[in-house]
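If you read the sequence shown in the UniProt record's numbering, its first letter stands for residue 1, the second for the next number, and so on.
Glycine included, every Cβ here is placed at the ideal spot set by N, Cα and C.
Just so it is clear, the structure is predicted and the values come from calculations on it, not from any experiment.
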Amino acid sequence: MLNDPLSGPRNDPRNDAAPAGSGPKVVALGGGHGLYASLSALRTVTDDLSAVVTVADDGGSSGRLRRELGVLPPGDLRMALAALCGDDEWGRTWSEVVQHRFRSEGDLHGHAVGNLLIVALWELLEDPVVGLEWVGRLLGAHGRVLPMASVPLDIQAEVELDGAVTTVRGQVACALTPGRVRSISLLPPDPPACPQAIEAIEAADWVVFGPGSWFTSVLPHLKVPELARALHESGARRLLILNLAPQAGETDGFSPERHLEVLREHAPALLLDAVVADRAVVGDARALEKAAGAMGARVVLADVAASDGSARHDGPRLAAVLAEIFRVKR
Numbered sequence: 001m002l003n004d005p006l007s008g009p010r011n012d013p014r015n016d017a018a019p020a021g022s023g024p025k026v027v028a029l030g031g032g033h034g035l036y037a038s039l040s041a042l043r044t045v046t047d048d049l050s051a052v053v054t055v056a057d058d059g060g061s062s063g064r065l066r067r068e069l070g071v072l073p074p075g076d077l078r079m080a081l082a083a084l085c086g087d088d089e090w091g092r093t094w095s096e097v098v099q100h101r102f103r104s105e106g107d108l109h110g111h112a113v114g115n116l117l118i119v120a121l122w123e124l125l126e127d128p129v130v131g132l133e134w135v136g137r138l139l140g141a142h143g144r145v146l147p148m149a150s151v152p153l154d155i156q157a158e159v160e161l162d163g164a165v166t167t168v169r170g171q172v173a174c175a176l177t178p179g180r181v182r183s184i185s186l187l188p189p190d191p192p193a194c195p196q197a198i199e200a201i202e203a204a205d206w207v208v209f210g211p212g213s214w215f216t217s218v219l220p221h222l223k224v225p226e227l228a229r230a231l232h233e234s235g236a237r238r239l240l241i242l243n244l245a246p247q248a249g250e251t252d253g254f255s256p257e258r259h260l261e262v263l264r265e266h267a268p269a270l271l272l273d274a275v276v277a278d279r280a281v282v283g284d285a286r287a288l289e290k291a292a293g294a295m296g297a298r299v300v301l302a303d304v305a306a307s308d309g310s311a312r313h314d315g316p317r318l319a320a321v322l323a324e325i326f327r328v329k330r
């Protein structure tokens, strides 16, 4: 019989996390590579970190497990846990293990080890949150990973192409569809939020949005009614990390300020405290400041991109900026 994963001694030899008792209570929202980037930075800034992860993936290994077993898609949850692993041998090893994908000619091809591990624990424990806590304990994760909803979700998008508007369903389809995504909604339209995610947001000092796929990772959190209510009513400060480049199929042609305008269109009453943008990708600083000001936020321009020229955030650079913002606003 498996017991509470948080009871008993914890084997965690890594030392790259924020010192115990340091930093604010932070909740990071998103999914995929964008959330991976923010968590990789945040885990070194605070020791009280929760990730609230989208559960709408319908492609690849996650989609197959979701369709076959009726479970939440585990892929974005797995990536968040991998991001919370440390940078020493223990952390690097477990991060590689859970991210490893099988290569074969059979049914295992493409499945990530971490996805199978997570789903196995869900079947044994019959509780997604407790199962994720067990995986986090195994990995020695520097933080907690929670699904944003208690049931699998589908994203539905209204897409405009050549003057005609069509409806596209599914995260993969929304991400790859030609045309301009005008708005998104969720199916079911009123999904139950994860209670622990609500509790984390209500207790947070800071809530961090982005970076990530705007329509399929960032905005969906604001379409879960209970979650949206908590995000609007929480006393936490709110910070947004902008993407480094438009995403093909979702935000082609979007300027940094357009990302904020779309966010405001989907959540008109949402206020922000700070917007972090890489100075090299901001073409019109005044336009960005105007869009941020409309949501109550100040703009923080900084060098947060990786030095190799790719559209990736550099973990230490981003961590330094976030630490300073948290320090000033605490």
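Please list, in chain order, all residues of the same chain as residue i whose beta carbon is under 7 angstroms from its beta carbon, the five residues on each side excluded.
{"i": "residue 363", "result": "Nothing can be reported for residue 363: it is not among the residues displayed for the chain, which extend from 1 to 330."}
{"i": "residue 325", "result": "239, 274 and 300"}
{"i": "residue 135", "result": "81, 117, 118 and 121"}
{"i": "residue 178", "result": "161"}
Quick check: the Cα distance between residue i and residue j, rounded to an integer number of angstroms?
{"i": "residue 85", "j": "residue 140", "result": "7 angstroms"}
{"i": "residue 144", "j": "residue 133", "result": "7 angstroms"}
{"i": "residue 201", "j": "residue 215", "result": "21 angstroms"}
{"i": "residue 104", "j": "residue 185", "result": "37 angstroms"}
{"i": "residue 57", "j": "residue 158", "result": "18 angstroms"}
{"i": "residue 328", "j": "residue 266", "result": "29 angstroms"}
{"i": "residue 199", "j": "residue 36", "result": "22 angstroms"}
{"i": "residue 6", "j": "residue 125", "result": "No answer about residue 6 holds up, because its pLDDT of 42 lies below 50 and its placement is not dependable."}
{"i": "residue 297", "j": "residue 283", "result": "19 angstroms"}
{"i": "residue 50", "j": "residue 294", "result": "28 angstroms"}
{"i": "residue 314", "j": "residue 285", "result": "22 angstroms"}
{"i": "residue 222", "j": "residue 52", "result": "12 angstroms"}
{"i": "residue 205", "j": "residue 234", "result": "9 angstroms"}
{"i": "residue 23", "j": "residue 310", "result": "29 angstroms"}
{"i": "residue 252", "j": "residue 181", "result": "10 angstroms"}
{"i": "residue 154", "j": "residue 261", "result": "24 angstroms"}
{"i": "residue 138", "j": "residue 95", "result": "11 angstroms"}
{"i": "residue 160", "j": "residue 93", "result": "45 angstroms"}
Once you ignore the five residues that flank residue i on each side, which residues in its own chain have a CB closer than 8 angstroms to its CB?
{"i": "residue 13", "result": "Note that residue 13 scores 36 on pLDDT, short of 50, meaning its location in the model is unreliable; the coordinates nonetheless yield the value given after this. These residues qualify, in order along the chain: 88, 90 and 140."}
{"i": "residue 193", "result": "148, 149, 150, 224, 225, 226, 227 and 230"}
Less than 8 angstroms between the CB atoms is what I'm expecting for residue i and residue j, so what's the real figure, rounded?
{"i": "residue 210", "j": "residue 32", "result": "Actually they do not touch by this definition, with Cβ atoms about 11 angstroms apart."}
{"i": "residue 26", "j": "residue 46", "result": "5 angstroms"}
{"i": "residue 40", "j": "residue 80", "result": "At roughly 10 angstroms, the Cβ-Cβ gap does not stay under 8 angstroms, so residue 40 and residue 80 are not in contact."}
{"i": "residue 242", "j": "residue 256", "result": "5 angstroms"}
{"i": "residue 34", "j": "residue 212", "result": "2 angstroms"}
Enumerate in chain order the residues of its own chain whose CB-to-CB distance from residue i is below 6 angstroms, with the five nearest sequence positions on each side excluded.
{"i": "residue 114", "result": "78 and 98"}
{"i": "residue 151", "result": "191"}
{"i": "residue 108", "result": "102"}
{"i": "residue 66", "result": "73 and 152"}
Over the uninterrupted beta strand (DSSP E) stretch that includes residue i, give me the two end residues.
{"i": "residue 30", "result": "25-30"}
{"i": "residue 156", "result": "154-161"}
{"i": "residue 147", "result": "144-147"}
{"i": "residue 183", "result": "180-187"}
{"i": "residue 206", "result": "206-209"}
Which stretch, first to last residue, makes up the alpha helix (DSSP H) that contains residue i?
{"i": "residue 67", "result": "60-69"}
{"i": "residue 284", "result": "From DSSP, residue 284 is part of no alpha helix (DSSP H); its letter is neither H nor E."}
{"i": "residue 53", "result": "Here residue 53 belongs to no alpha helix (DSSP H); instead the beta strand (DSSP E) covers 48-53."}
How about the region 273-293 and the region 303-312: do they share at least three Cβ pairs that are nearer than 8 angstroms?
The region 273-293 makes contact with the region 303-312, as at least three CB pairs between them are under 8 angstroms.
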